[in-house]
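Start counting the sequence shown at 1; every next residue gets the next number (UniProt numbering). Every residue, glycine too, gets a C-beta built ideally from N, C-alpha and C. A short write-up of the structure that comes next.
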Amino acid sequence: MSHDGPADRTASRGPVDDRKRGPARLAARRADRLAAVAAEIRALGREPLSVPTDITDAGACQRLGGWGVRVNGVFLGPVLGENLERLGAGAAAAGTSVEAWLRTKATEMPLGIVPSPDQCAGAVLFLASDLASVVTGQHLAVNGGQWLS
């Protein structure tokens with residue numbers, strides 16, 4: 001990432017496999033950009049997944065916007081996977097299956113589902129895509145509506 005001035009926003013992103021669809025296609029288009037951003041964050045001594053939430057403040061957006069950098073955050077709620085299943089393991093000790101516990105957990109969400117990792121990744125890829133080219137300084141809650149604003 002050059003800090004000499006605004007980035008050339010018309011630069012080629014390289015070939016994209018036209019057989020890929022949806023998030024896979026977005027990932028192919030953005031993988032190099034996301035990797036470069038992650039490397040820049042690591043160079044600052046941080047891990048990309050632990051960037052403080054105040055990074056999306058107006059000052060950061062103003063400072064980085066001239067380089068074409070959009071600053072957004074994603075707040076994940078419960079996500080299907082090992083971590084959530086571990087939380088549900090206590091239910092098994094109480095006589096309920098993990099699957100039944102997960103179904104109950106889904107009823108706590110207005111959409112009635114606990115998002116999968118792919119569904120959450122789709123939201124992140126949206127923010128990284130050209131579809132969100134004018135979105136900056138935002139926090140996107142990806143949680144099936146569990147935390148309504």
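- If you draw a straight line from the Cα of Glu108 to the Cα of Gly145, it is about 9 Å long.
- In the displayed model, Ala94 falls within coil according to three-state DSSP, outside both helix and strand.
- Taking Glu85 as the centre and dropping the five residues before and after it, the same chain places the C-beta of Val98 closer than 7 Å to its C-beta, in chain order.
- Judged by DSSP in its simplified three-state form, Leu102 adopts helix.
- Our two residues, Gly112 and Thr104, have alpha carbons roughly 9 Å apart in a direct line.
- The continuous beta strand (DSSP E) containing Val142 extends over residues 138-142.
- If you look at Gly73, you'll find it in the beta strand (DSSP E) that goes 72-76.
- Around the beta-carbon of Leu125, 16 or more other beta-carbon atoms lie within 10 Å, marking it buried.
- Spanning the alpha carbons of Pro110 and Trp147 requires a straight line of approximately 9 Å.
- From the listed residues Gln119, Asn143, Ala128, the smallest Cα separation to Ala106 is found for Asn143.
- The beta carbon of Gly88 sits closer than 7 Å to the beta carbons of Val98, Trp101, Leu102 from its chain, once the five residues preceding and following it are set aside; these are given in chain order.
- Rounded to whole angstroms, the Cβ separation of Arg70 and Val135 is 6 Å, and the two are in contact under 8 Å.
- Collapsing the DSSP output to three states places Val135 in coil.
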